[in-house]
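J.: What follows is a single structure, and I will ask about it in a moment.
Protein chains: 2
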Amino acid sequence: MTQTGEHDWAHHYAARTRGMQASEIRELLKLLEDPGIISFAGGIPDPTLFPVAEISAAYTAALESPEKSGHALQYSVSEGYGPLRDWIVGYMGRRGVACTRDNVMIVTGSQQGLDLIGKLFVGTGDTVLVERPTYMGALQAFGPCEPNYDDLLPGSNATAASLAERAKARGGRVAFAYCVPDFANPTGVSMGEAARKKLLDLCTEMDVPLIEDAAYEALRYGGAAIPSCLELDVRRTGSIDASRVLYCGTFSKSISPGLRVGWVCGAKDPIRKLVLAKQAGDLHSATINQMVIHEVATRCYDAQVAKVCAAYRTKRDAMLAALDRHMPKGAQWTKPDGGMFVWVTLAPERDAGAMLPDAIRRERVAYVPGRAFHATGGGENTLRLNFSMPTVERIEAGIARLGKLFA
Amino acid sequence: MTQTGEHDWAHHYAARTRGMQASEIRELLKLLEDPGIISFAGGIPDPTLFPVAEISAAYTAALESPEKSGHALQYSVSEGYGPLRDWIVGYMGRRGVACTRDNVMIVTGSQQGLDLIGKLFVGTGDTVLVERPTYMGALQAFGPCEPNYDDLLPGSNATAASLAERAKARGGRVAFAYCVPDFANPTGVSMGEAARKKLLDLCTEMDVPLIEDAAYEALRYGGAAIPSCLELDVRRTGSIDASRVLYCGTFSKSISPGLRVGWVCGAKDPIRKLVLAKQAGDLHSATINQMVIHEVATRCYDAQVAKVCAAYRTKRDAMLAALDRHMPKGAQWTKPDGGMFVWVTLAPERDAGAMLPDAIRRERVAYVPGRAFHATGGGENTLRLNFSMPTVERIEAGIARLGKLFA
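If you're matching them up, the sequences are chains E and C in order. Per the working numbering, the first sequence starts with residue 37, numbered consecutively. Per the working numbering, the second sequence starts with residue 37, numbered consecutively.
Below is the structure:
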């Protein structure tokens with residue numbers, strides 16, 4: 037089955053590249069169903085790590101009495117299942133964010149959080165500030181609002197004034213800044229504490245919200261934890277209800293993406309507005325899945341995250357070692373402390389998109405060309421490699437094939 | 037627990053009434069948790085009718101092998117689970133709509149279908165044609181696009197030309213027409229075949245899509261089935277891919293709303309666009325829930341619908357009989373052939389909204405004031421009564437209390 041991770045790549049890559057058409061890309065994607073092709077193109081968890089027994093027991097428990105099943109299978113409130121919101125309050129609290137149930141809403145995967153945030157904050161002609169490269173799915177989520185994009189570059193000399201000026205020149209204002217500070221999709225790179233503080237300064241000076249996509253935050257394999265932008269802003273402002281950060285969390289990377297349960301944590305006022313937007317969008321996220329996630333998280337969240345991290349650490353190490361062995365001179369790559377991706381930068385004259393058909397058809401290995409992640413163009417000589425899905429053996433074999441392709 | 041059915045009433049009623057504020061209404065809603073108060077205000081199924089054993093077995097089956105669980109708990113494609121789309125192809129086929137998998141997409145409840153349709157078709161200043169009264173949730177779903185509304189009145193003398201003219205005067209065009217042809221929420225009334233054909237003529241002349249909300253279509257307790265607008269248009273145009281009707285279906289009323297699984301069926305081209313909009317919105321609906329709905333529908337859809345219809349028929353009959361006994365002269369009400377609601381029209385000088393606090397606090401009975409369902413105002417002397425949720429005994433007792441209030 038072709039996965040969403042590859043799907044959105046197809047549509048998005050087609051939208052961002054002059055060369056290939058979606059049809060050609062879909063044709064290439066069909067080839068990925070051939071097990072002989074090693075794919076680093078997805079962005080999905082290793083299904084052998086799902087806590088199947090715990091999830092299955094939780095579904096059974098949610099339906100074991102008429103009272104429970106009458107709740108689990110019934111309509112429920114848009115803000116989400118109370119006990120799960122309380123669990124998240126505790127989780128955020130352990131991460132230095134003191135909050136209450138009213139600061140937390142459940143969404144149908146954090147993707148829906150991004151979609152609702154776009155609806156709430158982006159007006160006609162507005163500009164959204166994003167990293168370059170950034171998460172494709174966020175560009176898709178904000179897409180219907182047709183924002184302009186401007187860059188949040190580490191160490192860029194853009195100021196609040198210059199960004200506001202450019203936004204005004206394009207017929208709107210800066211709606212918000214969006215970032216993936218931990219083990220970003222696609223680069224695997226994290227923002228340091230100083231960079232996070234600088235970004236908060238910038239958003240404070242512009243008086244705009246900061247959208248913190250924490251999808252990979254739990255997947256740390258090395259290095260010291262860095263406070264979230266939300267934690268830093270709560271420290272600074274003294275209260276979550278005074279914070280400008282909206283933190284988008286998810287259970288997709290830790291427990292299971294197939295249940296579609298994520299959350300948004302932030303100040304009461306925007307959360308209340310986002311709940312109304314969610315009600316209009318899908319009434320609420322699946323009741324029984326919220327109960328199951330609550331049960332599984334309560335029973336074994338930390339052990340599950342430890343299990344996932346141990347497995348992905350081994351795969352990351354295997355990929356980095358294989359890259360050392362097989363990549364040609366002039367190629368560089370990130371060495372992520374967590375997440376699911378390594379980002380490769382080839383010599384400036386190489387075009388990873390142009391080489392993709394040969395990669396898949398001749399070398400039988402797939403990746404995502406980096407250009408797809410660039411809201412404002414560029415990145416032709418870059419590519420994203422996923423290490424969470426393939427086995428260690430296939431990582432070694434696949435990187436060897438890439439080495440041959442790029443030699 | 038306060039249910040969404042009552043929740044959206046609170047927000048919406050507050051938005052549409054000058055008198056009461058959401059806070060007062062929320063206060064009243066809190067009272068509904070008191071079991072001594074008989075509520076006809078919800079719009080939710082009777083949880084004792086959920087096929088719990090079948091659903092529980094289906095969750096267990098979806099997780100019984102690594103291959104199945106690896107799919108059930110994983111990301112999946114935005115258009116939905118193939119076997120479920122195939123089941124829906126068969127279901128629509130039995131209803132006179134020949135279609136293929138490409139004509140069907142899965143959504144997170146049909147509410148999401150309405151939300152995506154609004155995003156796709158409503159431009160700035162456009163007008164949406166709705167019945168008066170109409171489904172509140174549709175007004176919420178289209179709300180973010182800030183459309184103007186115009187009326188689709190049975191036997192109105194509005195013409196394609198006059199409607200287009202009015203839409204133009206308001207700075208846009210007619211985006212589409214929206215209707216709930218079977219046992220409509222809130223009135224319980226169905227459109228006859230002639231009215232459906234007339235509506236299709238109107239939409240054809242305006243060359244706009246017709247959005248058919250078939251949420252209650254399966255819940256028929258009497259009278260002969262009427263062809264859906266989609267079936268009529270397919271007969272007329274000769275092919276679903278030539279049809280202008282987008283049919284929004286759901287498993288919420290037949291199997292369970294808590295799983296959040298519905299569908300949209302229509303021409304390939306708009307379905308493909310809606311799938312891209314869904315991908316941006318929440319990537320996909322919960323994989324495991326789609327597998328469970330497929331399993332339960334395959335095993336026992338017809339028997340389950342027969343069970344639900346038998347139970348609701350008894351409740352409808354009890355409510356109609358109680359209304360006969362207890363309503364004052366001058367009150368009138370609909371006699372629905374299906375669905376979940378009876379619509380009461382009081383004498384013109386009565387205001388059901390103004391009487392609500394007394395109804396709940398003094399008579400300890402609740403309903404939804406009809407004004408909330410009027411996109412363009414009016415309906416002060418009307419109210420919606422739900423008969424799917426309360427028991428026959430509580431229906432009798434509650435209608436007696438209403439009779440006292442309205443006497």
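Think of the CB as a built atom: it goes at the ideal place given N, C-alpha and C, for glycine as much as any other residue.
(1) For V113 (chain C) and S59 (chain E), I'd like the C-alpha separation in whole angstroms.
(2) Pick out whichever of C:L109, C:P83, C:T84 and C:E103 has its Cα sitting closest to the Cα of Y95 (chain E).
(3) Flag Q340 (chain E) as yes if its beta-carbon sits less than 8 Å from any beta-carbon of chain C, otherwise no.
(4) Tell me the rounded alpha-carbon separation between T14 (chain E) and L421 (chain E).
(5) Which residues, taken in chain order from the region 72-84 of chain C, show a beta carbon closer than 8 Å to some beta carbon of chain E?
(6) Mind checking L189 (chain C): buried by the 16 CB within 10 Å criterion, or exposed?
(7) Just checking I80 (chain E) against the ligand MG - is the residue's beta carbon closer than 7 Å to any of the ligand's heavy atoms?
(8) Is it buried or exposed, Q176 (chain C), if we count other Cβ atoms within 10 angstroms and call 16 or more buried?
(9) Along chain E, in chain order, which residues have C-beta atoms closer than 8 Å to that of V88 (chain C)?
(10) Just to confirm my understanding: we take F86 (chain C), look at its own chain, exclude 5 residues before and 5 after, and list those with CB closer than 7 Å. What are they?
(11) Assign T144 (chain C) to one of two classes, buried (16 or more other C-beta atoms within 10 Å of its C-beta) or exposed (fewer than that).
(12) Assuming E416 (chain E) and R407 (chain E) make a contact with CB atoms under 8 Å, what is their CB distance in whole Å?
(13) Between L67 (chain C) and chain E, is any beta-carbon pair separated by less than 8 Å?
(14) Name the residues in the region 317-329 of chain E whose C-beta lies less than 8 Å from a C-beta of chain C; which are they?
(15) For L236 (chain C) and E248 (chain C), which I take to be in contact (beta-carbon distance under 8 Å), what is that distance rounded to the nearest angstrom?
(16) Let me know the secondary structure DSSP gives R168 (chain E) once reduced to three states.
(17) Go ahead and pull the three-state DSSP assignment for A77 (chain C).
(18) Counting only beta-carbon atoms, is Q315 (chain E) nearer than 8 Å to chain C?
(19) Give the list of continuous beta strand (DSSP E) stretches no shorter than 3 residues that lie fully inside the region 130-183 of chain C.
(20) Run through DSSP, which three-state label would V225 (chain E) get?
(21) Kindly provide the ranges of any beta strand (DSSP E) runs that are 3 or more residues long and lie completely inside the region 220-308 of chain E, ordered along the chain.
(22) Count Cβ pairs between the region 192-201 of chain E and the region 381-397 of chain E that sit closer than 8 Å; are there 3 or more?
(23) Closer than 8 Å by beta-carbon distance: list the chain C residues that pair up with Y30 (chain E), in chain order.
(24) Check R398 (chain E) in the structure and name its three-state DSSP category.
(25) Counting only C-beta atoms, is R121 (chain E) closer than 8 Å to chain C at any point?
(26) Could you tell me the alpha carbon to alpha carbon distance between F287 (chain C) and Y111 (chain C), rounded to whole angstroms?
(27) Give me the chain E residues within the contact set of P405 (chain C), using Cβ-Cβ distance strictly less than 8 Å, ordered along the chain.
(28) Would you give the residue range spanned by the beta strand (DSSP E) that N193 (chain C) belongs to?
(29) Would D318 (chain C) and Q148 (chain E) qualify as a contact pair, given that the criterion is a beta-carbon distance under 8 Å?
(30) Indicate the three-state DSSP secondary structure (helix, strand or coil) for N417 (chain E) in the structure shown.
(31) By how many angstroms is the C-alpha of V158 (chain E) removed from the C-alpha of E241 (chain C)?
(32) Is L295 (chain E) close to chain C, meaning its C-beta is less than 8 Å from at least one C-beta of that chain?
(33) Using only alpha-carbon positions, find the residue among C:H410, C:M391, C:F409 and C:V378 that is nearest to F76 (chain C).
(34) Between the C-alpha atoms of V297 (chain E) and G366 (chain C), what's the straight-line distance to the nearest angstrom?
(35) Less than 8 Å between the CB atoms is what I'm expecting for T370 (chain C) and G224 (chain C), so what's the real figure, rounded?
(36) Just to check my reading of the structure: V341 (chain C) and S424 (chain C) have Cβ atoms closer than 8 Å, yes? What is that Cβ distance to the nearest angstrom?
T.: On the basis of the data shown:
(1) Counting from one through the second sequence, the residue named residue 113 (chain C) turns up at place 77. Counting from one through the first sequence, the residue named residue 59 (chain E) turns up at place 23. Straight-line measurement puts the Cα of S59 (chain E) at about 17 Å from the Cα of V113 (chain C).
(2) Here residue 95 (chain E) corresponds to residue number 59 of the first sequence, with the count starting at 1. Among C:L109, C:P83, C:T84 and C:E103, the Cα nearest to that of Y95 (chain E) is on C:L109.
(3) To locate residue 340 (chain E), count along the first sequence from 1; it is residue 304. By this cut-off, Q340 (chain E) is not an interface position.
(4) Here chain E comprises residues numbered 37 to 443, so residue 14 (chain E) is not present and cannot be evaluated.
(5) Correct list: I80, P81, P83 and T84.
(6) For the purposes of this step, residue 189 (chain C) is identified with residue 153 of the second sequence, where counting begins at 1. Exposed.
(7) This structure does not include the ligand MG; it has no bound ligands of any sort.
(8) As a position in the second sequence, residue 176 (chain C) is number 140, starting the count at 1. Around the C-beta of Q176 (chain C), 16 or more other C-beta atoms lie within 10 Å, and the residue is accordingly described as buried.
(9) In the second sequence, the residue the question calls residue 88 (chain C) occupies position 52. Within chain E, the residues near V88 (chain C) are L99, P102, S105 and L109.
(10) By 1-based counting over the second sequence, the position of residue 86 (chain C) is 50. Apart from sequence neighbours up to five positions away, the residues of its chain that approach F86 (chain C) with a beta-carbon distance below 7 Å are S292, ordered along the chain.
(11) Indexing the second sequence from 1 puts residue 144 (chain C) at position 108. Counting Cβ neighbours within 10 Å, T144 (chain C) comes out buried, since at least 16 surround it.
(12) As a position in the first sequence, residue 416 (chain E) is number 380, starting the count at 1. As a position in the first sequence, residue 407 (chain E) is number 371, starting the count at 1. Contact holds; Cβ gap of about 6 Å.
(13) The sequence position of residue 67 (chain C) within the second sequence is 31, counting from 1. Interface flag for L67 (chain C) against chain E is unset, since no Cβ pair is found closer than 8 Å.
(14) Of all residues in the region 317-329 of chain E, those with a C-beta nearer than 8 Å to a C-beta of chain C are G317, D318, L319, H320, S321, A322, T323, I324 and N325, reading in chain order.
(15) If you number the second sequence from 1, residue 236 (chain C) lands on position 200. If you number the second sequence from 1, residue 248 (chain C) lands on position 212. About 10 Å separates the CB atoms of L236 (chain C) and E248 (chain C); that is not less than 8 Å, and the two are not in contact.
(16) Here residue 168 (chain E) is taken as the residue at index 132 of the first sequence, counted from 1. DSSP places R168 (chain E) in coil when its eight states are reduced to three.
(17) Within the second sequence, the letter at position 41 stands for residue 77 (chain C). Of the three classes helix, strand and coil, the one that applies to A77 (chain C) here is coil, per DSSP.
(18) Translated into positions along the first sequence, residue 315 (chain E) becomes position 279. True, the Cβ-Cβ gap to chain C drops below 8 Å.
(19) For secondary structure counted as the beta strand (DSSP E) over 3 or more consecutive residues, the region 130-183 of chain C holds these complete runs in sequence order: 140-143 and 163-166.
(20) Within the first sequence, residue 225 (chain E) is the residue found at index 189, counting from 1. Coil, per DSSP.
(21) DSSP runs (the beta strand (DSSP E)) wholly in the region 220-308 of chain E: 246-249, 281-286 and 298-301.
(22) Taking 8 Å as the limit for Cβ pairs, the verdict is that the region 381-397 of chain E does not touch the region 192-201 of chain E.
(23) Within the shown structure, residues of chain E are numbered from 37 to 443, placing residue 30 (chain E) beyond reach of any answer.
(24) Within the first sequence, the letter at position 362 stands for residue 398 (chain E). Three-state DSSP puts R398 (chain E) in coil, outside helix and strand.
(25) Taking the first sequence and counting its residues from 1, the one referred to as residue 121 (chain E) is at position 85. Nearest CB-CB separation between R121 (chain E) and chain C: not below the 8 Å threshold.
(26) Within the second sequence, residue 287 (chain C) is the residue found at index 251, counting from 1. Within the second sequence, residue 111 (chain C) is the residue found at index 75, counting from 1. So the two alpha carbons sit approximately 22 Å from each other.
(27) Counting from 1 along the second sequence, the entry for residue 405 (chain C) is found at position 369. Residues of chain E passing the Cβ test: none, with the nearest at roughly 19 Å.
(28) Within the second sequence, the letter at position 157 stands for residue 193 (chain C). No beta strand (DSSP E) contains N193 (chain C), which DSSP labels as neither H nor E.
(29) As a first step, residue 318 (chain C) must be located in the second sequence, where it is residue number 282. As a first step, residue 148 (chain E) must be located in the first sequence, where it is residue number 112. The Cβ atoms of D318 (chain C) and Q148 (chain E) sit closer than 8 Å to each other.
(30) To locate residue 417 (chain E), count along the first sequence from 1; it is residue 381. Assignment of N417 (chain E) by DSSP, reduced to helix, strand and coil, places it in the coil class.
(31) Translated into the one-based positions of the second sequence, residue 241 (chain C) becomes position 205. Translated into the one-based positions of the first sequence, residue 158 (chain E) becomes position 122. Cα to Cα, the separation comes out at about 35 Å.
(32) Position 259 of the first sequence, counted from the start, is the residue given in the question as residue 295 (chain E). It does: the Cβ of L295 (chain E) has a partner Cβ on chain C nearer than 8 Å.
(33) For the purposes of this step, residue 76 (chain C) is taken as residue 40 along the second sequence, with counting starting at 1. For the residues C:H410, C:M391, C:F409 and C:V378, the minimum Cα distance to F76 (chain C) belongs to C:V378.
(34) Counting from 1 along the first sequence, the entry for residue 297 (chain E) is found at position 261. Counting from 1 along the second sequence, the entry for residue 366 (chain C) is found at position 330. Between V297 (chain E) and G366 (chain C), the C-alpha separation is close to 50 Å.
(35) Within the second sequence, numbered from 1, the residue matching residue 370 (chain C) stands at position 334. Within the second sequence, numbered from 1, the residue matching residue 224 (chain C) stands at position 188. With a Cβ gap of about 5 Å, T370 (chain C) and G224 (chain C) count as contacting.
(36) Along the second sequence, one-based indexing puts residue 341 (chain C) at 305. Along the second sequence, one-based indexing puts residue 424 (chain C) at 388. The Cβ separation is near 14 Å, so there is no contact.
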